[in-house]
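Trainee: These protein sequence lines are chains S and W, in that order. All you need for the working numbering is the position in the first sequence, starting with 1, plus 496. All you need for the working numbering is the position in the second sequence, starting with 1, plus 199. Heads up, the beta-carbon is just placed ideally off N, CA and C, and yes, glycines get one too.
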Amino acid sequence: MPLFSNLICEIEEICSRFKGSNSNLSPKPKNFVRLCRRRGEFEKIIIEAIYSHDQDWEDDLIDRVVKYILDEETQGISVYNSKTADPFDRVHSLAVVAEGMSQNDFRSHKTKRKSGSTRGSLIIPVNSLPEIVSYEFTPENNLNFYPANNNHFDFF
Amino acid sequence: MELLSLNQSSDSVPTMSNTAFAISELSTLERSLRNQTRIPTRQAPIHRFELQNEALRKAFSPAGRTTFRYLQEEPGTYAGRTVLFSRLPSFPTEIVEDFGILSSDEDDEDVLYESADSLASWLLDESGAYHTMLAIYLQYMPLLSQHILLASLSDAEFSTSDEHMMFVAESFLMSDEKRLAQGAAIFLIKCCGPEGTEVLQNELSVQELPHAGLIQGAIKLLS
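If you want it as structure tokens, here you go:
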């Protein structure tokens, strides 16, 4: 029965997703979303990248990208695979929630949102990545926030 | 009454209810700010009668902003026509400590952001009376702290209609430091409502700003 076999395949795929990392089942990435915790810094970086008269990035700008967008990490840089570049993309929303949940502030008993809780999102088309950047499907590195696990990657 | 200087070291900053600002020192401090030099950490107390309307005008008011308020223990004994006296609220101890860090030589941005975030979170629940005081402190912080405090306030979705806050942010638009100039533009757009955007547009039209291109970029990106 073709319908039954399809159902079995579907169940197998879902079960294997729950088992954790399996690069064979990783979604084919189209865009990566990177969350920046310091929105004020993020906005200035974007403005300078777009509107600066200098063709080459100044060292100061590169330093700020490393500090505020890459969190001074040189590998294992957490990103999420988004099918579209739309800021209302479902994965984009999941990424924002997952990144927020991973912060200690989320777990505190504050009654109001803290000032550092706003985020900037950088959407990076995969075909724009330089050759030196590699990425790997790493659902296990997403602190087990399941809906976003299946879209979590690390840059290396 | 003896007036104490604004720029005291953090371990001796008094509560503001018992303190007034050294207005006659402000024009000197303003010159120091323009020269991008650091403010002395301690200044000699001055007497109330040294208050000068001219110094006040230079420090805060290019166009008739004369409503800034100061303390006075003996109301009516000062002859100035445009200075109003009233009691100012106190800063909590932890907030005074945050101001101390932001006014220090600290250059670790994470440390400065921690104090700025704390101050911004506290300020969200407080009245506009504090906004004017914040404007004073902000004016005399190191450039890095000025930029970081404005960024924290913007991220906290702080909102103000205080004309002194807007005036200080407006003055930062002329800064050579591009992060500060952009931060001031972002602050005016995000935190000061339509009036802030109007101030920004006006400043762009009448002044030749060192980073006008980036400020216009901020308007395009955020408005």
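#1: Taking CB distances under 8 Å as the criterion, tell me whether Arg-535(S) reaches chain W.
#2: Among the candidates Val-587(S), Asp-567(S), Gly-616(S), Phe-649(S), whose CA atom is the shortest distance from the CA of Pro-643(S)?
#3: Which value, in whole angstroms, describes the spacing of the CA atoms of Leu-408(W) and Gln-338(W)?
#4: Alpha carbon to alpha carbon, how far is Asn-518(S) from Gln-599(S)?
#5: Under a three-way DSSP split, which group does Cys-532(S) fall into?
#6: Could you tell me which chain S residues have their CB closer than 9 Å to the CB of Leu-439(W), listed as they occur along the chain?
#7: Specify, as a first and last residue, the run of the beta strand (DSSP E) that Pro-621(S) falls within.
#8: Determine the direct distance from the alpha carbon of Val-561(S) to that of Thr-634(S), and round the result to whole angstroms.
#9: Taking the straight line between their C-alpha atoms, what separation do you get for Asn-646(S) and Ile-542(S)?
#10: Can you give me the start and stop residues for the beta strand (DSSP E) that Asp-650(S) sits inside?
#11: Can you tell me where the alpha helix (DSSP H) with Asn-577(S) in it begins and where it stops?
#12: 8 Å is my cut-off, CB to CB: does Ala-411(W) come that close to chain S?
#13: Taking its Cβ as the centre, do 16 or more other Cβ atoms sit within 10 Å of Arg-280(W), making it buried, or is it exposed?
#14: Going by Cα to Cα distance, which pick from Asp-316(W), Ser-326(W), Arg-378(W), Phe-366(W) is closest to Leu-352(W)?
#15: Whole angstroms is fine: what's the gap from Ile-573(S)'s alpha carbon to Ala-591(S)'s?
#16: Answer yes or no: does any C-beta atom of chain S fall closer than 8 Å to that of Gln-235(W)?
#17: Based on the DSSP secondary-structure assignment, which residues constitute the bridge partners of Glu-490(S)?
#18: Less than 8 Å between the beta carbons of Cys-390(W) and Ser-358(W), yes or no?
#19: Which bits of chain S does Gly-382(W) rub up against, with CB to CB less than 8 Å?
#20: Would you mind working out which of Met-365(W), Leu-323(W), Asp-375(W) sits nearest Leu-342(W), comparing C-alpha positions?
#21: What are the boundary residues of the alpha helix (DSSP H) that Gly-327(W) is part of?
#22: Measuring CB to CB, does Ser-289(W) end up less than 8 Å from Met-340(W)?
#23: Look at the Cβ atom of Ile-347(W), then the Cβ atom of Glu-308(W), and state whether they are nearer than 8 Å.
#24: Tell me, please, whether the CB atom of Phe-290(W) is closer than 8 Å to any CB atom in chain S?
#25: Within 7 Å: the Cβ of Glu-397(W) and any heavy atom of the ligand COA?
#26: Buried or exposed: Asp-555(S), going by 16 or more other Cβ atoms within 10 Å of its Cβ?
#27: At a CB distance below 7 Å, what residues from the segment 346–359 of chain W approach chain S? Give them in sequence order.
#28: Quick one: grab the DSSP three-state call for Leu-270(W).
#29: Indicate the three-state DSSP secondary structure (helix, strand or coil) for Tyr-631(S) in the structure shown.
#30: Are the CB atoms of Glu-632(S) and Asp-650(S) within a distance shorter than 8 Å?
#31: Measure from the C-beta of Leu-408(W) to each C-beta in chain S and report whether the shortest distance is under 8 Å.
#32: For Phe-298(W), report the span of its alpha helix (DSSP H) as first-last.
Mentor: According to the structure data:
#1: yes
#2: Val-587(S)
#3: 19 Å
#4: Note on Asn-518(S): pLDDT 44, under 50, position unreliable in the model; no value is reported.
#5: strand
#6: As displayed, chain W neither begins before 200 nor continues past 422, which places residue 439(W) out of reach and without an answer.
#7: 616–621
#8: 23 Å
#9: 28 Å
#10: 648–651
#11: First-last for Asn-577(S): 573–578, but that is the beta strand (DSSP E), not the alpha helix (DSSP H).
#12: no
#13: Because Arg-280(W) carries a pLDDT of 47, less than 50, the predicted location of this residue cannot be relied on, and no value is offered for it.
#14: Asp-316(W)
#15: 14 Å
#16: At Gln-235(W) the pLDDT is 40, less than 50, meaning the model places this residue with poor confidence; the figure from the coordinates comes in the next sentence. No - not a single Cβ of chain S is within 8 Å of the one on Gln-235(W).
#17: With chain S covering only 497 through 652, there is no way to say anything about residue 490(S).
#18: yes
#19: Gly-536, Lys-540
#20: Asp-375(W)
#21: It is not in any alpha helix (DSSP H) - Gly-327(W) carries neither H nor E in the DSSP assignment.
#22: no
#23: yes
#24: no
#25: The ligand COA is not part of the structure shown, which contains no ligands of any sort.
#26: exposed
#27: Ala-350, Ser-351, Ser-353, Asp-354, Ala-355
#28: Note on Leu-270(W): pLDDT 39, under 50, position unreliable in the model; no value is reported.
#29: strand
#30: yes
#31: no
#32: 292–301
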